[in-house]
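Asker:
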Amino acid sequence: MRESAVVRLVEGRLAWYPPGAGAEPQWLDDDAVRDSLRATLSQRRIKVCFAAPGADVRLLKLAVAPEEKKHLSQSLPFMLEERVAADVDNLHFAYSPLEDDTYAVAITATAKMEEWQALLADIPGIQLWLPEPVLLPWQAGEWCLVMEGEKAIVRVGPCEGFAVERDLVTTLLQSVLAVADAPDAVIVYGMDQQADTELLPEPVRNRVQWRRGNLCAALLLSELPEVRVNLLQGNFAPRLPLALWWQQWRAVAAVFAVACLLQLVGTYAEYRNLSAQNLALRGAIEESYRKAMPQGAVVDAEKQLRRQLDVMGGSGQASGFIGLIERVGGAIAGMPGTTIASINYNDKGNEMRLNIVAADFEGVEQLRSRMSEAGLEAIMESSSTQGDRVSARLRVTERS
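Heads up: the sequence shown is residues 24 to 423, going by this note's numbering.
(1) When burial is assigned at 16 or more other CB atoms within 10 Å of the CB, is Leu284 buried or exposed?
(2) Applying the 10 Å Cβ sphere with the 16-neighbour rule, what's the burial state of Thr131?
(3) Going by other Cβ atoms of all chains shown within 10 Å of its Cβ, with 16 needed for buried, is Gln232 buried or exposed?
(4) Using C-beta distances below 7 Å, list every residue in its chain close to Met358, excluding the 5 sequence neighbours before and after it, in chain order.
(5) Going along the chain, which unbroken runs of the alpha helix (DSSP H) with 4 or more residues stay wholly within the region 203-250?
(6) Is there a Cβ from chain D that is less than 8 Å from the Cβ of Ala277?
(7) Counting pairs of beta carbons, one from the region 188-197 and one from the region 207-224, are three or more of them closer than 8 Å?
(8) Nearest-angstrom Cα distance between Glu104 and Ser98?
(9) Put Gly346 into one of helix, strand or coil per three-state DSSP.
(10) By the three-class DSSP mapping on this structure, what secondary structure does Glu425 have?
(11) Can you tell me the Cα-Cα spacing of Ala74 and Glu47, whole angstroms?
(12) For the region 134-152 against the region 172-184, do three or more pairs of beta-carbon atoms, one drawn from each stretch, fall closer than 8 Å, so that the two count as touching?
(13) With a threshold of 6 Å on Cβ separation, who are the neighbours of Ala78 within its own chain once the five nearest residues in sequence on each side are excluded?
(14) Kindly indicate which three-state DSSP category Gln271 falls into: helix, strand or coil?
(15) So, do the region 148-158 and the region 234-248 have three or more beta carbon pairs nearer to each other than 8 Å?
(16) Classify Asn369 as buried or exposed, calling it buried when 16 or more other Cβ atoms lie within 10 Å of its own Cβ.
(17) My guess is that Tyr312 and Ala324 are in contact by the Cβ rule of under 8 Å, so how many angstroms apart are they, rounded?
(18) Are Leu399 and Arg422 closer than 8 Å when you measure CB to CB?
(19) Please report the straight-line C-alpha distance between Arg234 and Met170, rounded to a whole angstrom.
(20) To the nearest whole angstrom, what separates the beta carbons of Ser405 and Val413, a pair I think is in contact under 8 Å?
In structure tokens:
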């Protein structure tokens, strides 16, 4: 493949076919070659697929009713139970849609999948496993065969083919001709043109286009197939590399966990300390409340104390009375012969009515003058003479 690489098993050894590989693959039991493949996978420069041995994978087409598509992954083994010799519980099934209601299906032994997984365990990152036959170059109306010693890899359709011993090629191709039309051309890669051609059924020998070469030569003209029956499905679908991530990040995770734990411990200690302080403060508040109000239940000492103070101190207008009486008292204080007989305060109007007794009317007017100097307005509502003294009623307000 010109822009993809292939990893496959050759005589029990893993081999790597880089893009544009020469006549021979590179063997992955060589540490340098293996490191090169790992570097390629880590950099994601090219696509790499594993070619599952064609002799261990059976390819077929299956018509599926529309109502069966939704549950195909569960029902597929039972739909093919009569077409396989082995117990379906020991088989792995993969599928991919073709056209209309037809699906391409690949079947292999579960044990083989596990064996290939073990072989590729130290080469992570290969997410595409395709059967060998579908990697051969193919066009509609053609067959493609690659002869490798005593074995042959054959592709006869978009997702149809097999890998068998050379001696069985004729028989199997005759069975293909029995159910399908003869191809327009048969592309054969091999080393002996006459021997390779004689393996084909008589009706198609005159359509052979023989080319000297092996799988490497065939892959040079091949592309990743449009229909990809990736064997990594179901129980073998790629999983997130949690173990690898844990190995890479466990030190950071440990530091983060310790930091979080210390933060939690510090926060809890601070909470305990503040809680203790809060209890102490509430106790002190209740103790102070009890000193002022020994009787009654304590629900919210602060709120209850404020209410009691409001009751005892009057409304917010009390400050107006205090201001007025302070200035009135200051004005009268400088007049020894003048006294206050009674006081009446109206908090709504912030006004005060005074009944005063002075030595004479001049004393009353002098008091009014002193109040005016203090910023007050003193209006005399009435006055009368009581013996040698004068009684007067004054209405005192803030001067506007």
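Glycine residues also receive a C-beta, built at the ideal position from the N, C-alpha and C atoms.
Answerer: Concretely, from the data shown:
(1) Within the sequence shown, the letter at position 261 stands for residue 284. When all chains shown are included, Leu284 counts as exposed.
(2) Numbered from its first residue, the sequence shown carries residue 131 at position 108. Classification of Thr131: buried, given that the 10 Å Cβ count is 16 or more.
(3) Counting from 1 along the sequence shown, the entry for residue 232 is found at position 209. Label assigned to Gln232: exposed.
(4) Here residue 358 refers to the residue found at position 335 when the sequence shown is read from its first residue. These residues qualify, in order along the chain: Gly386, Gln389, Leu390.
(5) 216-221, 238-243
(6) Checking the listed chains, one finds no chain D in this structure; it contains a single protein chain.
(7) yes
(8) Numbered from its first residue, the sequence shown carries residue 104 at position 81. Numbered from its first residue, the sequence shown carries residue 98 at position 75. Approximately 10 Å between the Cα atoms of the pair.
(9) Position 323 of the sequence shown holds residue 346. In this structure, Gly346 counts as helix in the three-state DSSP scheme.
(10) Lying outside 24 to 423, the shown extent of the chain, residue 425 is not represented and no answer is given.
(11) Along the sequence shown, read from residue 1 onward, the residue named residue 74 stands at position 51. Along the sequence shown, read from residue 1 onward, the residue named residue 47 stands at position 24. For Ala74 and Glu47, the distance between alpha carbons rounds to 16 Å.
(12) no
(13) To locate residue 78, count along the sequence shown from 1; it is residue 55. Excluding positions up to five away in sequence, the list reads Ala186.
(14) As a first step, residue 271 is located in the sequence shown; it is residue number 248 there, counting from the start. Here Gln271 sits in helix by DSSP.
(15) yes
(16) If you number the sequence shown from 1, residue 369 lands on position 346. Classification for Asn369: exposed.
(17) As a working mapping, residue 312 is identified with position 289 in the sequence shown. As a working mapping, residue 324 is identified with position 301 in the sequence shown. Correct: roughly 4 Å between the Cβ atoms.
(18) Start at 1 with the first residue of the sequence shown, and residue 399 comes out as number 376. Start at 1 with the first residue of the sequence shown, and residue 422 comes out as number 399. The answer is yes: Cβ separation under 8 Å.
(19) Translated into the one-based positions of the sequence shown, residue 234 becomes position 211. Translated into the one-based positions of the sequence shown, residue 170 becomes position 147. Those two C-alpha atoms are separated by around 11 Å.
(20) Along the sequence shown, read from residue 1 onward, the residue named residue 405 stands at position 382. Along the sequence shown, read from residue 1 onward, the residue named residue 413 stands at position 390. Actually they are not in contact, since the Cβ atoms of Ser405 and Val413 sit about 11 Å apart, beyond 8 Å.
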